[in-house]
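J.:
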Amino acid sequence: KQEVTQIPAALSVPEGENLVLNCSFTDSAIYNLQWFRQDPGKGLTSLLLIQSSQREQTSGRLNASLDKSSGRSTLYIAASQPGDSATYLCAVAQGGKLIFGQGTELSVKP
Amino acid sequence: DTAVSQTPKYLVTQMGNDKSIKCEQNLGHDTMYWYKQDSKKFLKIMFSYNNKELIINETVPNRFSPKSPDKAHLNLHINSLELGDSAVYFCASSQDRGTEAFFGQGTRLTVV
Chain A
10 KQEVTQIPAA LSVPEGENLV LNCSFTDSAI YNLQWFRQDP GKGLTSLLLI
60 QSSQREQTSG RLNASLDKSS GRSTLYIAAS QPGDSATYLC AVAQGGKLIF
110 GQGTELSVKP
Chain B
77 DTAVSQTPKY LVTQMGNDKS IKCEQNLGHD TMYWYKQDSK KFLKIMFSYN
127 NKELIINETV PNRFSPKSPD KAHLNLHINS LELGDSAVYF CASSQDRGTE
177 AFFGQGTRLT VV
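In structure tokens:
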């Protein structure tokens, strides 16, 4: 059974820092991996999608990597800003559905 | 234009009532989903439909009945609501099973 784990559960950093969020999964037979952002009381916004055959994807200050064989993905956020404060969710696509981690709650202090 | 829209956004109801949540997507996607986010913010699949056909039913109590009148709509009807049904319910869609998913804003259901 696929299990997705995100570490740390919460992270607080000063503005301007570069940071890394971690996601691990137990079964490497995934179709893709998606990173989402969730603001309080809001829906999920898709940030990056990495196909199983890819190693990384970049969008602006965000870079996501995927190492399928070791069951790991990282989301790198460069030069963090207070507006980046949110919960970041990692999800793997398997069996026609997304299996989510429990998220990392990020707080970027001005 | 909202890609995936759900109504209502908030729903407060008493135990034992029956309620429905509606979802519509204007992305032309073939697959739609219902996910449940519990009080610990853990998201889990409930149902998946592909082109109006039920594909995934993730051991959800049969008080929950999804209905897809066409591939742009997926509604969720819940009978005999219980306290434990309180959660945020998210609708999502994707072009096909396993491709990039887009989520609605969620419906916060509170059963009192």
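Residue numbers (my numbering), protein chains in the order written: chain A, 10 to 119; chain B, 77 to 188. C-beta: ideal position from N, C-alpha, C; glycine also.
Given that residue 131(B) touches chain A, what residues does it touch there, using C-beta distances under 7 angstroms?
T.: Translated into the one-based positions of the second sequence, residue 131(B) becomes position 55. Within chain A, the residues near residue 131(B) are 105.
J.: How big is the Cα-Cα spacing for residue 92(B) and residue 184(B)?
T.: By 1-based counting over the second sequence, the position of residue 92(B) is 16. By 1-based counting over the second sequence, the position of residue 184(B) is 108. One C-alpha to the other measures close to 17 angstroms.
J.: Are residue 133(B) and residue 147(B) touching if we call contact CB-CB under 7 angstroms?
T.: The count along the second sequence starts at 1 and reaches residue 133(B) at position 57. The count along the second sequence starts at 1 and reaches residue 147(B) at position 71. Going by C-beta atoms, residue 133(B) is not nearer than 7 angstroms to residue 147(B).
J.: So with Cβ pairs under 7 angstroms, would you call residue 173(B) a contact of chain A?
T.: The sequence position of residue 173(B) within the second sequence is 97, counting from 1. Interface residue, yes.
J.: Please state whether DSSP places residue 159(B) in a helix, a strand or coil.
T.: The sequence position of residue 159(B) within the second sequence is 83, counting from 1. Looking at residue 159(B) - three-state DSSP - the assignment turns out to be helix.
J.: What is the residue span of the beta strand (DSSP E) that residue 148(B) lies within?
T.: In the second sequence, the residue the question calls residue 148(B) occupies position 72. No beta strand (DSSP E) contains residue 148(B), which DSSP labels as neither H nor E.
J.: Would you kindly report the start and end of the unbroken beta strand (DSSP E) that includes residue 81(B)?
T.: To locate residue 81(B), count along the second sequence from 1; it is residue 5. Per DSSP, residue 81(B) belongs to the beta strand (DSSP E) from 80-83.
J.: Nearest to residue 143(B) by CA position, among 136(B), 152(B), 135(B) and 137(B), is which residue?
T.: As a working note, residue 143(B) is residue 67 in the second sequence. Checking every option, the nearest Cα to that of residue 143(B) belongs to 152(B).
J.: Any Cβ of chain A within less than 7 angstroms of the Cβ of residue 121(B)?
T.: Residue numbering aside, residue 121(B) sits at position 45 when the second sequence is read from its first letter. It does: the Cβ of residue 121(B) has a partner Cβ on chain A nearer than 7 angstroms.
J.: What residue does the beta strand (DSSP E) around residue 100(A) start on, and which one ends it?
T.: As a working mapping, residue 100(A) is identified with position 91 in the first sequence. Per DSSP, residue 100(A) belongs to the beta strand (DSSP E) from 95-103.
J.: Under 7 angstroms, CB to CB, which of the residues in the stretch 151-178 of chain B have a partner in chain A?
T.: Correct list: 166, 173, 174, 176, 177 and 178.
J.: Name, going along the chain, the residues of the stretch 133-152 of chain B whose beta-carbon falls closer than 7 angstroms to a beta-carbon of chain A.
T.: Within the stretch 133-152 of chain B, no residue qualifies.
J.: Roughly how many angstroms lie between the CA atoms of residue 82(A) and residue 33(A), to the nearest whole one?
T.: Position 73 of the first sequence holds residue 82(A). Position 24 of the first sequence holds residue 33(A). Approximately 6 angstroms between the Cα atoms of the pair.
J.: Please state if the CB of residue 53(A) and the CB of residue 44(A) are separated by a distance shorter than 7 angstroms.
T.: Here residue 44(A) corresponds to residue number 35 of the first sequence, with the count starting at 1. Here residue 53(A) corresponds to residue number 44 of the first sequence, with the count starting at 1. The answer is no: Cβ separation not under 7 angstroms.
J.: Shorter than 7 angstroms from the beta carbon of residue 124(B) to some beta carbon of chain A?
T.: As a first step, residue 124(B) is located in the second sequence; it is residue number 48 there, counting from the start. Yes, because at least one Cβ of chain A sits closer than 7 angstroms to the Cβ of residue 124(B).
J.: Kindly give me the distance between the Cβ atoms of residue 96(A) and residue 30(A), rounded to whole angstroms, as I take these residues to be in contact under 8 angstroms.
T.: Numbered from its first residue, the first sequence carries residue 96(A) at position 87. Numbered from its first residue, the first sequence carries residue 30(A) at position 21. In fact, because the Cβ distance is near 10 angstroms, the residues do not count as touching under 8 angstroms.
J.: What alpha helix (DSSP H) runs, 4 residues minimum, are completely inside the stretch 17-52 of chain A?
T.: Complete alpha helix (DSSP H) runs here, min 4: none at all.
J.: On the CB-based measure, 16 or more other CB atoms within 10 Å of its CB, does residue 115(B) come out buried or exposed?
T.: If you number the second sequence from 1, residue 115(B) lands on position 39. The residue is exposed, with fewer than 16 neighbouring Cβ atoms inside 10 Å.
J.: From this set, 150(B), 125(B) and 179(B), which residue's C-alpha is nearest residue 173(B)'s C-alpha?
T.: Locating residue 173(B) in the second sequence gives position 97, counting from the first residue. Checked all of 150(B), 125(B) and 179(B); the closest Cα to residue 173(B) is 125(B).
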